[in-house]
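Notes to accompany the following structure.
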Amino acid sequence: MTLAEILRPSCALFLDFDGTMVDIAPQPHAVEVPEPLIPLLRALHRYLDGALAVISGRPIAQLDAFLQPLQIPAAGVHGAERRSAGGQVHLLDTHPLDHVEHAARALAALHPRLLVEDKRGSLALHYRQAPELEQLCLDTMQKAVDESPGMTLLRGKMVAEAKPGGASKGRAIEDFLREPPFAGRTPVFIGDDVTDEAGFSTVQRLGGTGVKVGEGATVAARRLPDPRTLLRELEAALAARTPRTA
Ligand SMILES: [Mg+2]
-4 MTLAEILRPS CALFLDFDGT MVDIAPQPHA VEVPEPLIPL LRALHRYLDG ALAVISGRPI
56 AQLDAFLQPL QIPAAGVHGA ERRSAGGQVH LLDTHPLDHV EHAARALAAL HPRLLVEDKR
116 GSLALHYRQA PELEQLCLDT MQKAVDESPG MTLLRGKMVA EAKPGGASKG RAIEDFLREP
176 PFAGRTPVFI GDDVTDEAGF STVQRLGGTG VKVGEGATVA ARRLPDPRTL LRELEAALAA
236 RTPRTA
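Take the sequence shown: its letters are residues -4 to 241, numbered as in the working numbering.
Dropping the structure here:
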C-alpha cells in the first residue's frame, strides 16, 4: 500500500521531525528545513481538517522556530510537553524530581548511610551502605513517584531510581487521539528512530499504520528510505486526493 492509499482524509497524521521530515544534521541546530516542507505541512493540515501533529524529542519552541510561521499541534521532549489543536500546552513532569528529591533527601537526612544522587533527569537513592533499609527506601521512593505524574521507579542493585517514564511518543499520540480534531480518526505515525517504536506500536494497536523512515529494525508496517522520499510521497498523496481545478 502506498502512502497515497494509506493517507485518507479520515486519518490523523503524526510526524516525527529529525530524520523523518528533515535530514539529521551533525549539530541539532544545523538542521536545514527543505523549502517545500512548510507549504506541504500547511496543505496536509488543511487536507486532514487540522488532524496533523509533530511528535519530536525536541522542545516545541525549537519545532516552532524551524517551522515558522506555522504553529501546528506538537508534542515535544518525547511527549513531556504537548500543545493541542486548541493551542493549550500540557506539561508532564513539570517539577517531578523536586518532589522525589525532597522525599529522598528527607529520608537520607534521617539515615546518613543513604546516598542521594541527582543525575539531571533522574534521581537515585542508593542504600548499599544500609541494605537493611531497602524496604523503607523502596516504599519512600514509590510513594514519591506515585505522587509525581509521569515518573516511574526503577530498581537497580541497591538503588531505587525515579525517572520520567510516563512520557513517550505513544502516549502523546494517544492523548491527541482523545481530543478533537484527532478523535475518531485512523492514526498514521511516521518516524525514524528507536524512540518512535512506541508510536508505531500505539497507532497499529489502534488500527492505524506506522511508517519507518530509513533502516533498522522496526515494528512499523511500512518503510520509506529517507526524508526526501517521504516528502515526495506526501506531496503525491495530496495531489492524488485533491480535485484538480480545470
Ligand atoms: Mg527522528
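Glycine included, each C-beta is placed from N, C-alpha and C at the ideal position.
Problem - Same chain only: Cβ atoms within 7 Å of A241, ignoring 5 sequence neighbours per side - result: With a pLDDT of only 42 at A241, under the threshold of 50, the placement of this residue in the model should not be trusted, and no figure is reported.
Problem - Cα-Cα separation, T181 to R166 - result: 16 Å
Exercise for the section: Figure out for me which residue from G209, L65, E112, I1 has the closest Cα to the Cα of R223. Expected result: G209
Problem - Residues near L149 in its chain [Cβ-Cβ closer than 7 Å; skip 5 each side] - result: E156, K158
Exercise for the section: Please name the residue, chosen from H106, V206, H121, that lies closest to P220 on a Cα-to-Cα basis. Expected result: V206
Handout entry: Straight-line Cα distance separating E96 from G243
Key = With the chain running from -4 to 241 in the structure shown, residue 243 is simply not present.
Practice task
State the Cα-Cα distance for the pair G202 and Y122, rounded to the nearest angstrom.
Solution key: 45 Å
Practice task
Could you please go through the chain and list the residues whose beta-carbon is closer than 6 Å to any non-hydrogen atom of ligand 1?
Solution key: D11, D13, G14, T15, G186, D187, D188
Handout entry: D18 vs I185 beta-carbon contact at 8 Å
Key = no
Problem - Beta-carbon separation (whole angstroms), I55 vs E76, contact threshold 8 Å - result: 6 Å
Handout entry: The alpha helix (DSSP H) enclosing G165, as first and last residue numbers
Key = 164 to 172
Problem - Cα-Cα separation, D217 to D93 - result: Rather than Asp, the amino acid found at residue 217 in this sequence is Arg. Whole-angstrom Cα-Cα distance: 41 Å.
Practice task
Run through the stretch 59 to 101 for me and flag every whole beta strand (DSSP E) of 3 or more residues, listed as ranges in chain order.
Solution key: 69 to 71, 76 to 78, 84 to 86
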